[in-house]
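Notes for the one structure printed next.
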Amino acid sequence: MKLSLIAPPVLALAVAAIFTGGNTTEGYDLIGHNLSLSQRDFRVNNNLTAAGANNNNTPHANFPDAQGFVMAMWKGAIEWGSLLHGDGGGDTTQNLGLGSGAANFDASFQGETTAIGNLGDNICSGLDGNSGGVLAFAEITGSGAWRMRFYQGWNWADGPGSIGFSQMDLQSVATHEYGHCLGLGHSGTGAATMAPTAANGQTGPRSIHADDIAGLQAIYGAASATKPTISGLSLSGSTLTITGTNFDATGNQVWFTRANNQGNGTPLKATNVPSTGGGTQIVVAVPNDVRTGGDVLVQKSGNAHSSLSNAYPADLSGSICSGPTNVCFSFPNSTGNIGQLSITGSQNVAANDTVLFGSQLPAGQFGIFLYGQGFTGTTISQGVFCLGGAPFYRLPIVQTDPFGFVNYALDLTNMPLGGDISQGETWNFQLWHRENGGNSNFSETLAYPFCN
Amino acid sequence: MKRFTPKTLLLAAALVAGIGTYGEAQILKVDLGQMVANTDGAVFGTIIDQETIRIDHPVDGPELYYTTLTIKGTDLASNKPTVVSVSFPGGFIDAENGVYNSEAPSKDVIAVGKEVVAFHLWSDNMGGDFASNALYASHGGVYSTFKSKGNVIVQGRGAGYAITTNTHLTSLQGNIQALNTEQR
């Protein structure tokens, strides 16, 4: 079968194949490009509204914070990865697990975007309409960047297991299309993922074939013995410990998945990270703007294909440090408003920079900031005391100014007896203040996590 | 015969890698019966024109390219003369503006002056609100022909394609007409 007939321009591709060792007569076919480390990112615009494209709501630890179309795209790309993605689970149709490439190639899931993207923005998205018989396509630029489109007009299925005989499998098609993105043309091996045609009900192409692996390794080389590998992750607060092999002693980059990735798709990176234990352990702070569910990769020095590790799934939701949140309201005070509270600072105990601000309060009145870890509300005088249910502590007396504002800077090294605040804890703060006529009221209550 | 030098070959490879963009698609597996059932018609003829346009769509995205071929020849079902325009995603307006994808069959197959068999289906929206007569399954919907001993031979493409092996045009036309009658 002359697959090269469909590969434009024929002569130049044939020449490119010569230089890359391609096989253009049977089995795998090479387009002639490869994805450099700067093009390993991929993002998903979940605009595929076609029937069945977002039915999979079954979570899986290897694909945290993903489902439906997004999860199918993620699975399709990481099947080409050098090692099993986590424990390889997530697809009951694959006995050998997801992550079968065994080459110096791994992709970096970079979350979701609302953009379609230009040619070369490495985004998977849906495309309205149909062009008759075409399921999806990848458009590839000379630099190896790409864009992938899935026609809306199909009866798609997003797994996670087997699918109906009249449905077209998103994950299979995604695996096929990503194969094009990384440099493979259509294969003459009928059972290969890169075979040019697909049938309804078919899930076999989710799992790459020996012919696909041979093609992948022809482009990127079989996985090098010096390629860094990640075998486990451990999260404590915002500190991530990465276990593996072949990390550089210094100068590693740790790639994270970026949250709300609307930019150019560049991975979120921690740079100049050392390792210990002879290159077997990296301890790194999880950066801000990380996606709660994503992949972690380690790049050691250099930009060779073998410099980048496998992609390891990471649920980093425990590392996300949210800001203050309102957990309880009081009643309006004599100004006609509910006393408001805000808290500024780095949310880091060691930084000792937490400041409490009150506003919309009666002018010139004395008050006391209270804090505790309970949040049961009880009506007292004209307001609601919100710190019930657990011990609470009082800070020194303050007085509101003529505009009804008050502030107090916490000294976290000198807190009331029993009320020490430690990193990783969340405390609730409220202002109790006097009102005219001997009454009193309370501000709203804010929960403030010390988690950075 | 002119020989390619290593420099020429390197330049050609660099042109592919550095200038062009290349695309692949996965298409639905159909045999000839399914192809005939799924399409509005099939034409055998000569490509007399080729035009590529670019659409930048507010929803479907920028840089959507579509190429339209005009084929003058014979409708294979009715055996009547016809002129048909068929479109597919991809193609180049000029050397720097355009994109390859598998919607774009080999340039050699679709060059102006080539004789082909093409299957087509009307689509109200091929993406970017582009309505046209779609070349069905793109590279799977157009087949080169050549002459042998006075007969027109349609080049087969192997398993998964509507025409798997080299076939006489008269034989293909007979099959299409029979399938049309069956499916009517």
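Chains as they are written, first to last, in the numbering used here: chain A, 1 to 452; chain B, 1001 to 1184.
Just so it is clear, CB atoms sit at the ideal spot from N, CA and C, and this is done for glycine as well.
Excluding sequence positions up to five before and after ILE338 of chain A, its CB lies within less than 8 Å of the CB of PHE329, SER330, PHE331, PRO332, GLN360, SER443 and GLU444, all in the same chain and listed in chain order. Out of A:SER334, A:VAL398, A:SER322 and A:GLY358, the CA that lies nearest to the CA of GLU425 of chain A is found in A:SER322.
Taking a Cβ-Cβ threshold of 9 Å, the residues of chain B close to THR197 of chain A are GLN1026, ILE1027, LEU1028, LYS1029, VAL1030, ALA1137, GLY1140, ALA1159, GLY1160 and TYR1161, in chain order.
Here GLY265 of chain A is buried: its Cβ has 16 or more other Cβ atoms, across all protein chains shown, within 10 Å.
Scanning the segment 146-212 of chain A from its first residue to its last, the whole alpha helix (DSSP H) runs of 4-plus residues come out as 170-181. Residue environment: ALA210 of chain A is assigned as exposed (fewer than 16 neighbouring CB atoms within 10 Å of its CB, all protein chains considered). Within the segment 67-93 of chain A, no residue has its Cβ closer than 9 Å to any Cβ of chain B. Counting along the chain, VAL1036 of chain B sits inside the alpha helix (DSSP H) bounded by residues 1032-1038. Within chain A, no residue has its CB atom less than 9 Å from the CB of ASP1075 of chain B, the nearest being about 18 Å off.
The secondary-structure analysis by DSSP pairs CYS124 of chain A across a beta bridge with A:VAL44 and A:MET148. Annotation for ASN1133 of chain B: the continuous beta strand (DSSP E) segment containing it runs 1132-1135. In the DSSP annotation of this structure, the continuous segment of the alpha helix (DSSP H) that includes GLN1177 of chain B starts and ends at 1169-1183. Using a Cβ-Cβ cut-off of 8 Å, ASN1038 of chain B counts as an interface residue toward chain A, since at least one Cβ of chain A sits closer than that to its own.
Residue environment: LEU96 of chain A is assigned as exposed (fewer than 16 neighbouring CB atoms within 10 Å of its CB, all protein chains considered). Following the DSSP letters along the chain, one finds LYS1072 of chain B inside the beta strand (DSSP E) bounded by residues 1061-1075.
In this structure, VAL273 of chain A and VAL284 of chain A form a Cβ contact; the two beta carbons are roughly 5 Å apart against a cut-off of 8 Å.
In terms of Cα proximity to SER307 of chain A, the closest of A:ALA157, A:ALA218, A:TRP427 and A:ASP248 is A:ASP248. Taking the Cα positions, LEU1064 of chain B is about 10 Å away from ASN118 of chain A. Here LEU412 of chain A carries a coil assignment [DSSP, helix/strand/coil]. In the structure shown, SER346 of chain A falls within a coil segment according to DSSP collapsed to helix, strand and coil. At a C-beta separation below 9 Å, GLU1063 of chain B has these neighbours in chain A: ASN118, LEU119, GLU139 and ARG147. Between SER172 of chain A and ASP29 of chain A, the CB-CB gap reaches or exceeds 8 Å. Under the Cβ distance rule, GLY1127 of chain B counts among the residues neighbouring chain A, one pair being separated by less than 8 Å. VAL355 of chain A and ALA409 of chain A have their alpha carbons spaced roughly 4 Å apart.
Across the set A:ASN260, A:GLY132, A:LEU446 and A:SER301, the C-alpha of A:ASN260 shows the shortest separation from the C-alpha of THR113 of chain A. Rounded to the nearest whole angstrom, the CA to CA distance from VAL286 of chain A to TYR312 of chain A is 15 Å.
Take ALA53 of chain A, set aside five residues on each side of it, and the residues of its chain with a beta-carbon closer than 7 Å to its own are GLY68, PHE69, TRP156, ASP158 and LEU170, in chain order. For ALA285 of chain A, the uninterrupted beta strand (DSSP E) run begins and ends at 281-285, by DSSP. Contact of LEU1169 of chain B with chain A by beta-carbon distance below 7 Å is absent, the smallest such distance being about 18 Å.
With its beta carbon at least 8 Å from every one in chain B, ASN272 of chain A lies outside the interface. For the segment 394-405 of chain A, there are no residues whose beta carbon sits under 7 Å from a beta carbon of chain B.
Residues of the segment 221-242 of chain A with a C-beta less than 9 Å from any C-beta of chain B: none at all. Judged by pairs of C-beta atoms under 8 Å, the segment 100-110 of chain A does not touch the segment 138-155 of chain A, as fewer than three such pairs exist. Closer than 8 Å to the CB of LEU37 of chain A there is not a single CB belonging to chain B. Assigned with DSSP and collapsed to three states, SER238 of chain A falls in coil, not helix or strand.
Between PHE1088 of chain B and SER125 of chain A the beta-carbon gap is near 20 Å, outside 8 Å, which marks them as no contact.
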